[in-house]
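Note sheet for the following structure.
Protein chains: 2
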Amino acid sequence: MSTAHGARARARIEVTAAIKDEARRQLAAEGAARLSLRAVARELGMVSSALYRYFPSRDDLLTALIIDAYDSLGESAEAAHEAAAGAGPLERWITVCEAVRGWALGHPHEYALIYGSPVPGYTAPDTTVPAAARVGNLLIGILRDAYRGLGLARPALPADLRPEAERMAADLAPDLPPEVVTALVAAWAQLYGLVGFELFGQFNRVVEDRETFFRHAVRQLAHGVGLVYPQKGRAPQRPAS
Amino acid sequence: MSTAHGARARARIEVTAAIKDEARRQLAAEGAARLSLRAVARELGMVSSALYRYFPSRDDLLTALIIDAYDSLGESAEAAHEAAAGAGPLERWITVCEAVRGWALGHPHEYALIYGSPVPGYTAPDTTVPAAARVGNLLIGILRDAYRGLGLARPALPADLRPEAERMAADLAPDLPPEVVTALVAAWAQLYGLVGFELFGQFNRVVEDRETFFRHAVRQLAHGVGLVYPQKGRAPQRPAS
DNA sequence: ACTAAAGCAAGAGCAGTGCTCTGGTTTCGG
DNA sequence: CCGAAACCAGAGCACTGCTCTTGCTTTAGT
Numbered sequence: 001m002s003t004a005h006g007a008r009a010r011a012r013i014e015v016t017a018a019i020k021d022e023a024r025r026q027l028a029a030e031g032a033a034r035l036s037l038r039a040v041a042r043e044l045g046m047v048s049s050a051l052y053r054y055f056p057s058r059d060d061l062l063t064a065l066i067i068d069a070y071d072s073l074g075e076s077a078e079a080a081h082e083a084a085a086g087a088g089p090l091e092r093w094i095t096v097c098e099a100v101r102g103w104a105l106g107h108p109h110e111y112a113l114i115y116g117s118p119v120p121g122y123t124a125p126d127t128t129v130p131a132a133a134r135v136g137n138l139l140i141g142i143l144r145d146a147y148r149g150l151g152l153a154r155p156a157l158p159a160d161l162r163p164e165a166e167r168m169a170a171d172l173a174p175d176l177p178p179e180v181v182t183a184l185v186a187a188w189a190q191l192y193g194l195v196g197f198e199l200f201g202q203f204n205r206v207v208e209d210r211e212t213f214f215r216h217a218v219r220q221l222a223h224g225v226g227l228v229y230p231q232k233g234r235a236p237q238r239p240a241s
Numbered sequence: 001m002s003t004a005h006g007a008r009a010r011a012r013i014e015v016t017a018a019i020k021d022e023a024r025r026q027l028a029a030e031g032a033a034r035l036s037l038r039a040v041a042r043e044l045g046m047v048s049s050a051l052y053r054y055f056p057s058r059d060d061l062l063t064a065l066i067i068d069a070y071d072s073l074g075e076s077a078e079a080a081h082e083a084a085a086g087a088g089p090l091e092r093w094i095t096v097c098e099a100v101r102g103w104a105l106g107h108p109h110e111y112a113l114i115y116g117s118p119v120p121g122y123t124a125p126d127t128t129v130p131a132a133a134r135v136g137n138l139l140i141g142i143l144r145d146a147y148r149g150l151g152l153a154r155p156a157l158p159a160d161l162r163p164e165a166e167r168m169a170a171d172l173a174p175d176l177p178p179e180v181v182t183a184l185v186a187a188w189a190q191l192y193g194l195v196g197f198e199l200f201g202q203f204n205r206v207v208e209d210r211e212t213f214f215r216h217a218v219r220q221l222a223h224g225v226g227l228v229y230p231q232k233g234r235a236p237q238r239p240a241s
């Protein structure tokens, strides 16, 4: 409905893309805080006010970049997962986690944009939700495969957390045990803790061999959600409690 | 170096404190990005240029606030730990983690300042290191007690991570097993992943009962570093040294 | 095919920012 | 007691996000 709708419309999406491209370049080079509408316009040979015809405000531009970043990250993780399609759940889990880390190291400012401190006035609109969920869905899929096959242990779950666990499971993955979903949510947050600490410099002078460290940490994370070693379906090993 | 060195010197530290106070108020109210030197000066009844006699740049003011924030967090955690002095290591671990979360929820912008995305050009000077280490030292202390007292399980450690683990242990806690130190570093990062996700809105529409969820997650973290359930009874209180 | 509407770029301008420089005052140390 | 250092105020620079007005061009309805 929109492609051949006239030269005007085509120019609009072209200019919009050019703005986002230039903004992304500045974002990668300088960070979100130094992303300047005027500088983008200047680089594109237009005047700053003209830019407001495409993005009603700087925050809207940022929102567009946020969605793109989520999608870029999700795509990266999905590609890595695709490439490891034949492997077992544990290997795929690690692969996806490492893809997240790799993307973050390659796009630090974009990672900071989506998983760092939010800009003060700004609250992410619901538009970002589907893009943000892609990595989570990938991990859910891996656990689903493991659950359907063999060898997904049920992590411990205290009684007072059970109602919440069941609510989360119903929301996120009704076909998985609540214990697993709960552990997955925690592992998800913890994964980003690991990546964020490395990226934001908290590991400086603490962790040197970060690759190996990360690999070990996400393997432990996998254990936490019930993924056991890729042996043929060993029965659920020791429950942690 | 000199306290009674004159009225001028006293005035200086007074004004410096007033600037930091006002800046902290604005930080808490609006966030780091909206902290304005001019606004601080305006509120203090001085002119913006006068402020540069106390802080050479906005970033230096931020650095001061960062150190204060680390100290405030550390103090909070230490106070909570103190209050739970009689309890076993696992309980104290959970207490400290909950204190971190509580402080973060009470000071979201300051938390974002120290554990969120760093400001673009800015790199934290080494001055911040000791203040930043206080929570970590607390956790190390808890593990030390557990290790000296009733035993601490040794987490798994793959062979390829052993050199790095030994290096980290030598740096951070030479009296603890490398397996434990490695697991602690990971748990440390993961703790901040949990807190950050809740604080930065990533748990919106996902986790509802965050208190219970967090408590469970940090208990699992404690397991990961080798802390087992307390065999109620003697908490190893070593005589004051 | 012509006109009215809508989309567009440009420029000026507002209020705000971090930061610098200058000039005049106050305080302190030798 | 006098020079040096510290201090404050103000003007000013280069920048920011954003608005509003002014013309121009493309689109769309009759």
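Listed in order, the protein sequences are those of chains A and B. FYI, in the UniProt record's numbering the residues of the first sequence are 1 to 241. FYI, in the UniProt record's numbering the residues of the second sequence are 1 to 241. Ideal placement from N, C-alpha and C gives every residue a C-beta, glycine not left out. From a predicted model like this one, the values you see are computed outputs, not experimental measurements.
Under 7 Å between C-beta atoms of residue i and residue j
{"i": "L113 of chain A", "j": "A85 of chain A", "result": "no"}
{"i": "V100 of chain A", "j": "A133 of chain A", "result": "no"}
{"i": "G226 of chain B", "j": "L150 of chain B", "result": "no"}
{"i": "L35 of chain B", "j": "H81 of chain B", "result": "no"}
{"i": "T212 of chain B", "j": "D160 of chain A", "result": "yes"}
{"i": "V180 of chain B", "j": "I94 of chain B", "result": "no"}
{"i": "I67 of chain B", "j": "T128 of chain B", "result": "yes"}
{"i": "F55 of chain A", "j": "L62 of chain A", "result": "no"}
{"i": "H216 of chain B", "j": "P155 of chain A", "result": "no"}
{"i": "P89 of chain A", "j": "I140 of chain A", "result": "no"}
Anticipated Cβ contact below 8 Å, residue i with residue j, distance rounded
{"i": "A131 of chain A", "j": "G74 of chain A", "result": "6 Å"}
{"i": "G224 of chain B", "j": "Q220 of chain A", "result": "6 Å"}
{"i": "L65 of chain A", "j": "L27 of chain A", "result": "6 Å"}
{"i": "L51 of chain B", "j": "I13 of chain B", "result": "Not really, about 15 Å apart at Cβ, beyond 8 Å."}
{"i": "residue 242 of chain B", "j": "L184 of chain B", "result": "No answer is possible for residue 242 of chain B: the residues shown for chain B start at 1 and end at 241."}
{"i": "D126 of chain A", "j": "E164 of chain B", "result": "Going by Cβ atoms, the distance from D126 of chain A to E164 of chain B rounds to 42 Å, so no, they are not a contact pair."}
{"i": "Y147 of chain B", "j": "L105 of chain B", "result": "Contact flag wrong, Cβ pair sits at about 31 Å."}
{"i": "Y115 of chain B", "j": "G6 of chain B", "result": "Incorrect: roughly 40 Å between the Cβ atoms, too far for contact."}
{"i": "A29 of chain B", "j": "V40 of chain B", "result": "Contact doesn't hold; Cβ gap of about 12 Å is too wide."}
{"i": "M206 of chain B", "j": "M168 of chain A", "result": "The identity of residue 206 of chain B in the sequence shown is Val, whereas the question assumes Met. Confirmed, about 7 Å."}
{"i": "C97 of chain B", "j": "L199 of chain B", "result": "Not really, about 14 Å apart at Cβ, beyond 8 Å."}
{"i": "W188 of chain A", "j": "G136 of chain A", "result": "6 Å"}
DSSP bridge partner residues for residue i (one or two, in chain order)
{"i": "L35 of chain B", "result": "L35 of chain B pairs with nothing; no bridge assigned."}
{"i": "L152 of chain A", "result": "A:L227"}
Assigned exposure category for residue i - 16 Cβ within 10 Å defines buried
{"i": "residue 248 of chain B", "result": "An answer regarding residue 248 of chain B cannot be provided, because it is not within the stretch 1 to 241 covered by chain B."}
{"i": "A173 of chain A", "result": "buried"}
{"i": "G45 of chain A", "result": "exposed"}
{"i": "S117 of chain B", "result": "buried"}
{"i": "P178 of chain B", "result": "buried"}
{"i": "R92 of chain B", "result": "buried"}
{"i": "A83 of chain A", "result": "exposed"}
{"i": "A186 of chain B", "result": "buried"}
{"i": "A9 of chain A", "result": "exposed"}
{"i": "A11 of chain B", "result": "exposed"}
{"i": "A79 of chain B", "result": "exposed"}
The ligand SAH heavy atom lying under 6 Å from the CB of residue i
{"i": "A146 of chain A", "result": "The ligand SAH is not part of the structure shown, which contains no ligands of any sort."}
ask   = Which of the residues in the segment 90-119 of chain A, read from start to end, lie with their CB under 7 Å from any CB of chain B?
value = A112, G116, S117, P118 and V119
Residues of the UniProt domain "HTH tetR-type" (13-73) of chain B whose Cβ lies closer than 7 Å to any Cβ of chain A, in chain order = E30, G31, A33 and R34
query = Closer than 9 Å, Cβ to any Cβ of chain B: which residues of the segment 153-167 of chain A, in chain order?
reply = P155, A156, L157, P158, D160, L161, P163, E164, A165 and R167
ask   = Listed from N- to C-terminal order along the chain, which residues in the segment 172-192 of chain A have their beta-carbon within a distance smaller than 9 Å of any beta-carbon of chain B?
value = Result list: L172, T182, A183, V185, A186, A187, W188, A189, Q190, L191 and Y192.
key: Members of the segment 204-226 of chain B near chain A, C-beta cut-off 7 Å   = V206, V207, E208, D209, T212, F213, H216, A217, Q220, H223 and G224
key: chain B contacts made by the segment 126-156 of chain A, where a contact means CB separation under 7 Å   = none
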